[in-house]
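Sequence lines, in order, name chains A and B. FYI, the numbering for the first sequence is 1 to 416, going by my numbering. FYI, the numbering for the second sequence is 1 to 405, going by my numbering. Ideal Cβ placement from N, Cα and C applies to all residues, glycine included.
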Amino acid sequence: MSLDFAGHEFARASLDHCVKCTICETQCPVAAVTPAYPGPKYIGPQAERFRHGLSVDHSLDYCSSCGICTLSCPQGVKIAELNSQARAVMKADHMPLRDQLISRTTVMGMFMTPVAPLANMALGISPLRVIVEKTVGVHRHAPMPHACSQSFMSWWKKRPEKPEGPRGVVVFFHGCAGGYFEVETSKKTIEVLEHLGFKVLVPKQGCCGLAEQSNGLFDRASASVLKLCDDLRAAGKDLTIISSSGSCTGMLKHEAHEIMGVSDERLRDVGTRVRDVMEFLWELHEAGELPEDFPRIDLTVPYHAPCQLKSQGMGMPALDVLGLIPGLTVVESGRACCGIAGTYGLKREKYAVAQAVGKPLFDMVRATNPHLALCDTETCRWQISQSSGVPTVHPISLVHVAYGLSELRQLIPAGA
Amino acid sequence: MKTVVIGAGLAGLVAATRLAQEGADVVLATKGLGGLPTSQGTIDVWGYRDGKRVEAPLDAVAAAPAGHPYAAIGVGAVKDGLAWLAEHLPDWLTGDAAANVWLPTAVGALRPTCLCQPGMLAGAGATRVVIVGLARLKDFQAALIAGNLTRTGRVEARAITIDIPARSGEADSSALTYARAADEPGFAAHLAAAIAPSLGSGEAVGLPAILGLHTPGVGRDLADRLGHPVFEIPLPPPSVAGLRLNDALTTLAKAAGVRVILGSPVTGLKAEGDRVRSVTLASAGHDRDLVADVFVLATGGFETGALALDSYGTVTETALGLPVRVPDGDLIGADYWEAQPLFAAGCAVDVSMRVLDAGGAVVHPNLYAIGGVLAGAQRWKEKSGDGIAVGSAMKAVAAIMGGER
Ligand SMILES: Cc1cc2nc3c(=O)[nH]c(=O)nc-3n(C[C@H](O)[C@H](O)[C@H](O)COP(=O)(O)OP(=O)(O)OC[C@H]3O[C@@H](n4cnc5c(N)ncnc54)[C@H](O)[C@@H]3O)c2cc1C
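Set out below in structure tokens:
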């Protein structure tokens, strides 16, 4: 495979804007903790000049694709995108079985849900995890999702249909994790939207292909994302699409186009209509349409904005929205990355790097509130929960509490 | 009052923080980090004028010719800005606004600046110095620096090289990697042990600026251990000294309540009558309108793409399409090291920092421009860019909060 797909043309066109200012190097969380990765400027714009469509440097695989380099580049160079593309080429002929397996999020969910107690037990057994590490290459201590015994869709289907709300209709996109593992987050998002007076539609939907994309499986990922666009478009024309899966939202908004070069009217249509749920609430606030008679919540919690949310270039809407709740102090982590970067931190050879990347965050989280932390994306929540020991939930959970739809003690155990 | 500041360089960070401190609601929208991480980590006000060294930078500001940004900014705002910086970044900036100091550079020249970092100060006026190189840090060549410093005739310098790894398994480490290592306890002691045997009495010790990224006082610790004055010399990017200022100012802005939107460019504005109603932010997926009462443009110059020159010789302001003032005649001269007329291009402003059109009329009463985007200076050659950024930010904020809209 050579680098001759459309997305590469686009990223490569940004290459000559690199003035070697090294700002990306100063922000890279991986280069900060290991000499195995020489840094985004080296591996990105610099190595790219020597690639001629081929792959030249295996340290490239240590890039976690967090995207912080692209985000902080003052010249608009698509550094992370160049790296992701070159890695896809590098791995094309010998894609590890492990990377093919862990990128099939939906399949994992479908298999685990019916046997949730068993699956959770199995993932908790350390000898089994050692075998998995040795054979498949998933680190024995890597965070694993907790299977739910009911998928989001089966909950949704059993629910009586709500009448048309006064605010019109929106579409909900749950994402794979929101469909099988983080079902609570999906439910709460829908309940908040309905509380605000929206009628929510949930079309049958597949995977956005993000995990396949980040593992370099571009063909599969491109097919997945377009199939998802068809699914979401089927719900209705011009409707706002809302998601509580921050990273999948990023895939639809820009990553599928900028990294894989998917140029398709269906993707463009969905990408412009999709909103992260906290972004959507903040847009309502800005328009003066968000009810804000919140009760006091006297609480201090740490909040970590995940890389894939930051790279959407919209600031931190969760901080903005939660800032409207009196008494609530939300402390932004100020740390670059939790380390997991989708599936990066699961891998046997990357686990230690990912833990070192996340360490300052885990310390900050524990020091801020040992009982509750907030983060918008699923794999980051699993990583933070597992590595800091602090239960980590989506920020919508506190909005849910603030609207009286649940109680704080359901998030924080009594006496804590 | 709702405000939007565009750009997170020195100008944008100071303006956003000041506005938030004054009680405004502030969004700081920036497509990337600003110029501070590539800077020397000092605050230049005016270093060279007509080829001569400036001793008293504020006097130079007071005598700025018409059309120079300082003529609109005035001495008061520059002074206020320097005082504000020294007050808010006490760990990282010090100095006497009335007089420049001369600090050794990474090529062994002596460079004028106004405020500097406390750890650099011992380099000003030192007459006998040892320059300490690190074998694994290629951006700091001790022999070159010592040789050139000696050639200035003001300093007697010699070089030594020590080998202390920043982290194991790395033969070629960046200044940043060293600085992170120096943030850890114990590093200063290692350095002291390696340097002490080579020192003669009365010598000051010059090191690359790697003595801690976020920990002030590593240099002081080292000086105490050695019993000699120690000074840092800032390096080319990744500049630890510049990063310190960038990180400290960014933290200050966030603590003051500034909402930062990083990673999206501003691509245009929507006006209502002569007032700007919103600017357009090209974020992933869809454009969004940032609606506010007041807007501050702090996008920098050609180096950030805030100004652009096309093949017809036309200069444009790229974020909002504002009028630009361009010098007459050739824009680029033959001598690389001379002032280039092109760099004086930019937005013209009134004494409130509101952008003016070719006829000298205010374009939008609620739109201000500050920092590198202003017309009339040769910032890199005059060494005036930092002072212009800080002074114009203070001036604009005073005008905005004073109600001059
Ligand atoms: C090579 C060189 C050497 C120099 N040397 C010196 C020196 O020795 N001393 C000195 O005093 N000055 C020097 N200068 C000048 C000095 O760097 C600048 O004057 C100073 O950095 C300006 O600060 P600023 O905040 O205005 O802009 P910058 O620090 O450039 O910041 C601009 C910000 O705006 C953002 N931005 C740009 N366009 C958009 C957009 N469309 N939408 C959103 N955000 C945008 C950028 O991402 C960035 O965050 C030098 C300049 C150059 C180029």
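Could you work out which residues of chain B lie near residue i, taking near to mean beta carbons separated by less than 8 Å?
i, result
"cysteine 21(A)", "Pro37, Thr38 and Pro237"
"glycine 250(A)", "Ala284"
Taking residue i as the reference, give the member of the options with the closest Cα.
i, options, result
"cysteine 24(A)", "Thr38(B), Gly301(B), Leu211(B) and Ala98(B)", "Thr38(B)"
"leucine 405(A)", "Cys18(A), Leu372(A) and Lys188(A)", "Lys188(A)"
"leucine 361(A)", "Tyr351(A), Ser385(A) and Gly342(A)", "Ser385(A)"
"cysteine 21(A)", "Thr272(A), Ile68(A), Cys73(A) and Met251(A)", "Cys73(A)"
"arginine 98(A)", "Tyr62(A), Gly137(A), Cys66(A) and Ile68(A)", "Gly137(A)"
"glycine 410(B)", "Ala344(B), Pro323(B) and Pro236(B)", "Nothing about residue 410(B) can be read from this structure; chain B reaches only from 1 to 405."
"threonine 34(A)", "Met120(B), Ala166(B) and Lys270(B)", "Ala166(B)"
"tyrosine 48(B)", "Ala72(B), Gly12(B), Ala29(B) and Cys114(B)", "Cys114(B)"
"alanine 159(B)", "Thr42(B), Asp91(B) and Ser198(B)", "Ser198(B)"
"alanine 339(B)", "Lys381(B), Asp357(B) and Gly305(B)", "Lys381(B)"
"aspartate 287(B)", "His195(A), Ile131(A) and Gln312(A)", "Gln312(A)"
"proline 237(B)", "Ala179(B), Gly186(B), Ile162(B) and Leu222(B)", "Ala179(B)"
"threonine 329(A)", "Asn369(A), Cys207(A) and Val262(A)", "Asn369(A)"
"arginine 87(A)", "Ile259(A), Gln150(A), Asp238(A) and Gly389(A)", "Ile259(A)"
"glutamine 27(A)", "Lys227(A), Gly216(A) and Cys337(A)", "Cys337(A)"
Answer with yes or no whether the minimum CB distance from residue i to chain B is below 9 Å.
i, result
"alanine 32(A)", "yes"
"phenylalanine 173(A)", "no"
"glutamine 355(A)", "no"
"glutamate 349(A)", "no"
"aspartate 16(A)", "no"
"leucine 319(A)", "yes"
"threonine 379(A)", "no"
"glycine 261(A)", "no"
"glycine 44(A)", "no"
"glycine 271(A)", "yes"
Using beta carbons (cut-off 9 Å, strictly below), is residue i in contact with chain A?
i, result
"isoleucine 164(B)", "no"
"glutamate 303(B)", "yes"
"valine 276(B)", "no"
"glutamate 170(B)", "yes"
"proline 185(B)", "no"
"valine 27(B)", "yes"
"arginine 405(B)", "Any reading at arginine 405(B) must be qualified, since the residue scores a pLDDT of 41, below 50, and its modelled position is unreliable; no value is offered."
"arginine 53(B)", "no"
"valine 218(B)", "no"
"leucine 243(B)", "yes"
"valine 294(B)", "no"
"lysine 254(B)", "yes"
"threonine 251(B)", "yes"
"arginine 111(B)", "no"
"arginine 151(B)", "no"
"valine 355(B)", "no"
"valine 291(B)", "yes"
Ligand 1 and residue i: does the residue's C-beta get closer than 8 Å to at least one heavy atom of that ligand?
i, result
"tryptophan 337(B)", "no"
"tryptophan 380(B)", "yes"
"aspartate 16(A)", "no"
"glycine 371(B)", "yes"
"lysine 31(B)", "yes"
"serine 264(B)", "yes"
"aspartate 44(B)", "yes"
"aspartate 289(B)", "no"
"lysine 383(B)", "yes"
"leucine 110(B)", "no"
"glycine 47(B)", "yes"
"proline 74(A)", "yes"
Taking Cβ-Cβ distances shorter than 8 Å, what residues in chain A pair up with residue i?
i, result
"leucine 262(B)", "Leu71, Ser72, Lys310, Gly313 and Gly315"
"arginine 180(B)", "Ala32"
"arginine 259(B)", "Gly315, Met316, Leu319 and Asp320"
Which residues of chain B have a Cβ atom closer than 7 Å to the Cβ of residue i, listed in chain order?
i, result
"valine 274(A)", "Gly285"
"proline 35(A)", "Arg167, Gly169 and Glu170"
Which chain B residues sit within Cβ distance under 9 Å of residue i?
i, result
"lysine 253(A)", "Ser283, Ala284, Gly285 and His286"
"glutamate 25(A)", "Ser174, Leu176, Pro237 and Pro238"
"glycine 76(A)", "Lys31, Gly32, Pro265 and Gly305"
Is the closest heavy atom of ligand 3 to the C-beta of residue i under 8 Å?
i, result
"glutamine 40(B)", "As far as ligands go, the structure on display features ligand 1 and does not contain ligand 3."
Does residue i come within less than 9 Å of chain D when only Cβ atoms are used?
i, result
"glutamate 289(A)", "Note that chain D does not occur in the displayed structure, where the protein chains are A and B."
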